[in-house]
Amino acid sequence: MKQGFFKIVENTSIAKNVCQMVLQGDTSAITKPGQFVNLKIDGCFLRRPISVCDVEENRLTLIYKVVGEGTEKLSQMQPGGALDLLTGLGNGYDLSRSGQNPLLIGGGVGVPPLYLLCRQLIAQGKKPTVILGFNCADEIFYQHQFAQIAPTLIATADGSVGVKGFVTDALKQVEAYTYFYTCGPQPMLKAVYQATQTSGQFSFEERMGCGFGACMGCSCKTKYGNKRICKDGPVLDKEEIIW
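In this text, residue positions in the sequence shown follow this note's numbering: the first is 1, and each later residue adds one.
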């Protein structure tokens, strides 16, 4: 974990209630896809955890949904401003288990961490397939970014784009995969758990206090004992999850 100040380079709306923020600063603590950062926002007591969408040398891309006071304030910040970040949080995805044809399944704001994961898998010579789920066309983001690098299926609950239904409906169109990675709301994760036949990794969304394991506020039960989503997660193996 590392604390530092990042300069806001970009902060724009990319879909309904969804914004993309590009920051410039020391990204050396971010070593795996699936990790997250914790933002300090003026006027808010707790930091806000946001998953890492993409990272390059000294450049960090975050995608967040405007759902409350903190993210509303975040959406109003302008380029040139600065943010206090804790970086390198969470365990991240383990790419070594992917096999040759991994499947990436994201829903809503669970989509962003899969982008860096997808890029890194491709860099290793793997051939991922991607499924992205949204409620409707207005909420879709990063469809084209994923489609440029990997076969990508879109599912919308109202059928406005792609497969009508959920990510599990789009999953029926995938013939074979060696392993899977997923991130999204808990009902989606549970449905993916029941619909998949191979092993995989799940990234959980959870309310957090400190974000680095000190407060124990985001602990959950697993088959191997209690784990802290912020420190021991947010990525858990399929075999250890208790619903």
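We put the beta carbon where it would ideally sit given N, CA and C, even for glycine.
For residue i, three-class secondary structure by DSSP
| i | result |
| --- | --- |
| Arg119 | helix |
| Pro49 | strand |
| Asp26 | coil |
| Glu239 | helix |
| Asp232 | coil |
| Asp42 | coil |
| Glu56 | strand |
When the options are compared against residue i, the one with the closest alpha-carbon
| i | options | result |
| --- | --- | --- |
| Pro187 | Lys172, Lys32, Pro151 and Ser203 | Ser203 |
| Tyr179 | Gly99, Val18, Phe45 and Cys220 | Gly99 |
| Thr27 | Ile41, Thr12, Glu10 and Thr61 | Thr61 |
| Lys126 | Cys136, Arg97, Ala137 and Gly107 | Arg97 |
| Gly213 | Ile50, Lys227, Cys183 and Val235 | Lys227 |
Nearest-angstrom Cβ-Cβ length linking residue i and residue j, presumed shorter than 8 Å
| i | j | result |
| --- | --- | --- |
| Phe6 | Gln24 | 6 Å |
| Asn38 | Gly211 | 4 Å |
| Gly4 | Cys44 | 19 Å between Cβ atoms; not a contact. |
| Pro102 | Leu121 | 6 Å |
| Gly165 | Gly108 | Incorrect: roughly 15 Å between the Cβ atoms, too far for contact. |
| Ala137 | Thr168 | Not quite, the Cβ-Cβ distance comes to about 20 Å (not below 8 Å), so this is no contact. |
Could I get the ranges of all uninterrupted beta strand (DSSP E) runs contained in the region 61-123, with 3 residues as the minimum, in chain order? 82-89 and 102-107
Does the region 122-134 come close enough to the region 230-240 to have 3 or more Cβ pairs within less than 8 Å? no
Only counting runs of 3 or more residues, tell me where the beta strand (DSSP E) segments fall wholly within the region 144-218, in order along the chain. Within the region 144-218, the complete beta strand (DSSP E) runs of at least 3 residues are 152-156, 179-183 and 200-203.
May I ask you to verify whether the region 22-39 touches the region 85-92, counting CB pairs closer than 8 Å and requiring at least 3? yes
Contact between the region 156-164 and the region 76-86 (3+ Cβ pairs under 8 Å): By the Cβ test, the region 156-164 is not in contact with the region 76-86, since fewer than three Cβ pairs between them sit closer than 8 Å.
With three or more beta-carbon pairs closer than 8 Å as the criterion, would you say the region 58-76 touches the region 220-236? no
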